[in-house]
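Reviewing the structure listed below.
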Amino acid sequence: MSEATAQLELIRKRVTHAETDAKVLRRRLSRLIPDAWDRIRDLEEQNGRFPPLPARLPRADYVLVADSLERDKQALLFYVACEQGALSDVVAFVEERTPNPSKATLQFGLEQASFACKPDVVQYLLHQGANLHSGCFMKLFEFLGAGQTSTRLRCIFDEADYAADTDSFIALLSVFIKSGFWHPNQPWESPAMIDPYVAMYASRVLTDRRLLLFLLEHGADPNLSRYPKSARGSSDRDATPWAIDRQSPSPLNLAVAQGDQSLFDLLVAHGAKAEGEGLHLLHSLVRAAMQHDFASTRRPMAEGIIAQRLADVNDVKPMPYRHEDSRYFIGGYTEDETPLTLACAASDWEFVEWLVQHGADPGALGGKAYTQLWWNKPYGANDPSRLLEILNSRAITEAMEGMLDP
Numbered sequence: 577m578s579e580a581t582a583q584l585e586l587i588r589k590r591v592t593h594a595e596t597d598a599k600v601l602r603r604r605l606s607r608l609i610p611d612a613w614d615r616i617r618d619l620e621e622q623n624g625r626f627p628p629l630p631a632r633l634p635r636a637d638y639v640l641v642a643d644s645l646e647r648d649k650q651a652l653l654f655y656v657a658c659e660q661g662a663l664s665d666v667v668a669f670v671e672e673r674t675p676n677p678s679k680a681t682l683q684f685g686l687e688q689a690s691f692a693c694k695p696d697v698v699q700y701l702l703h704q705g706a707n708l709h710s711g712c713f714m715k716l717f718e719f720l721g722a723g724q725t726s727t728r729l730r731c732i733f734d735e736a737d738y739a740a741d742t743d744s745f746i747a748l749l750s751v752f753i754k755s756g757f758w759h760p761n762q763p764w765e766s767p768a769m770i771d772p773y774v775a776m777y778a779s780r781v782l783t784d785r786r787l788l789l790f791l792l793e794h795g796a797d798p799n800l801s802r803y804p805k806s807a808r809g810s811s812d813r814d815a816t817p818w819a820i821d822r823q824s825p826s827p828l829n830l831a832v833a834q835g836d837q838s839l840f841d842l843l844v845a846h847g848a849k850a851e852g853e854g855l856h857l858l859h860s861l862v863r864a865a866m867q868h869d870f871a872s873t874r875r876p877m878a879e880g881i882i883a884q885r886l887a888d889v890n891d892v893k894p895m896p897y898r899h900e901d902s903r904y905f906i907g908g909y910t911e912d913e914t915p916l917t918l919a920c921a922a923s924d925w926e927f928v929e930w931l932v933q934h935g936a937d938p939g940a941l942g943g944k945a946y947t948q949l950w951w952n953k954p955y956g957a958n959d960p961s962r963l964l965e966i967l968n969s970r971a972i973t974e975a976m977e978g979m980l981d982p
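To convert, count from 1 in the sequence shown and add 576; that's my numbering.
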């Protein structure tokens with residue numbers, strides 16, 4: 577099979593699966609409770625406490641209208657040209673096609689160009705009426721060729737072809753913004769349901785400083801994210817899975833977890849709230865199995881948090897539930913932890929020693945810190961005797977200091 581034939585076959589499969597996914601989504605949307613959008617709006621705006629967010633990016637026409645994508649050979653070649661950035665071929669198809677290509681077809685081409693990070697093609701198609709839509713930011717199925725298929729959500733912020741090219745990605749986002757089709761606070765929706773995503777939720781944003789600065793300079797709100805699973809109710813009328821959290825602690829918690837003081841300060845300078853429910857700053861500094869970065873990175877961060885009174889060493893916070901038989905946290909479940917109990921569970925003894933020196937109470941939560949605690953695999957259980965050694969050493973040191981006092 578030639579390369580050109582393989583490309584056509586690949587794009588044909590994408591079209592087929594895009595329409596299949598759209599059919600499933602239309603069925604799900606038809607089952608939404610009548611007041612779903614009112615409940616989502618009330619939750620996001622907190623009954624007038626916050627101004628409305630920009631309207632969510634719409635669904636593409638091919639999602640809303642069955643069998644609206646063109647799939648003849650010329651249309652397939654158009655989709656390939658969009659992905660490859662062949663602007664002259666894209667222009668020729670749009671201008672010479674008789675009858676004119678459908679809006680759904682232009683939007684599918686826009687989606688291919690967006691994920692391949694082809695700003696010139698994106699700008700042309702937007703000017704031709706291919707409105708920006710949620711599928712340009714996130715999709716579910718991706719055919720990789722050679723019979724390989726990925727079936728997880730893919731977001732342009734994390735996994736597109738430009739992943740190592742910040743300049744190209746910023747150029748793409750600039751086209752979105754300058755064309756007036758997108759704002760950094762504007763949510764898009766999952767291809768599987770109406771659960772929303774925003775730029776600040778993408779993990780890459782907090783690890784790519786230039787990208788973060790670009791978004792903040794264009795008005796990104798560092799308090800926006802999705803509600804965590806632990807905040808969601810069990811009722812089918814609960815709107816939290818489908819709403820944007822306007823007071824999310826996630827960016828600041830992640831900045832602390834990275835031990836990046838400059839990132840923390842940058843987010844606060846742009847409006848991130850350093851006080852509020854869900855922040856667990858000292859807890860976020862815990863590392864499993866002694867990663868030996870405490871003195872260089874985490875201790876200065878911890879001391880800064882205490883000096884600014886952003887947290888207390890004995891704060892009790894609900895943290896994601898760990899289970900000894902899993903490599904992962906158990907989503908949606910939490911258990912109360914102090915920084916000390918969490919550090920003991922992780923065998924993070926340098927941090928344990930620092931916490932004890934700064935007044936952490938090992939008797940909190942019923943003496944949980946003294947018990948055998950588990951971290952995720954492959955680390956397993958801690959050794960509770962290590963805490964006793966640290967406490968005894970601390971007691972001896974304090975006694976000796978007392979004897980030396982004049």
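In this text, a Cβ means the ideal position worked out from N, Cα and C, and glycines have one as well.
Decide if Ala922 is buried, meaning its Cβ has at least 16 other Cβ atoms within 10 Å, or exposed. Buried.
Return the residue from the list Ala668, Gly661, Val667 and Val670 that minimises the CA-CA distance to Ser690. Gly661
Which residue or residues does DSSP assign as beta-bridge partners of Met877? Met877 pairs with nothing; no bridge assigned.
Cβ shell of Pro634 (< 8 Å), same chain only, five flanking positions each side left out: Asn707, His709 and Ser710
Quick check on DSSP: helix, strand or coil for Ile820? strand
Anyone know if the C-beta pair for Leu857 and Asn890 falls short of 8 Å? no
Does Trp951 come out as helix, strand or coil in the three-state DSSP assignment? coil
Simplified DSSP assignment, three categories, for Ala668: helix
On the DSSP bridge assignment, give the partners of Ala957 in chain order. Trp950
Drop a sphere of 10 angstroms on the beta-carbon of Asn676, count the other beta-carbons inside from all chains shown, and report buried for 16 or more, exposed for fewer. exposed
The beta strand (DSSP E) with Lys694 in it runs from where to where? Run containing Lys694: none; DSSP gives neither H nor E here.
Are the region 789–804 and the region 847–854 touching, with three or more C-beta to C-beta distances below 8 Å? yes
Is Tyr700 buried or exposed, if buried means 16 or more other CB atoms sit within 10 Å of its CB? buried
Give me the Cα-Cα distance between Asp836 and Met877, rounded to the nearest whole angstrom. 8 Å
Cβ of Glu621 within 8 Å of Cβ of Ile820? no
For Pro915, the first and last residue of its enclosing alpha helix (DSSP H): Counting along the chain, the unbroken alpha helix (DSSP H) around Pro915 starts and ends at Pro915 to Ala921.
Could you please give me the residues that DSSP links to Glu911 through a beta bridge? Met895
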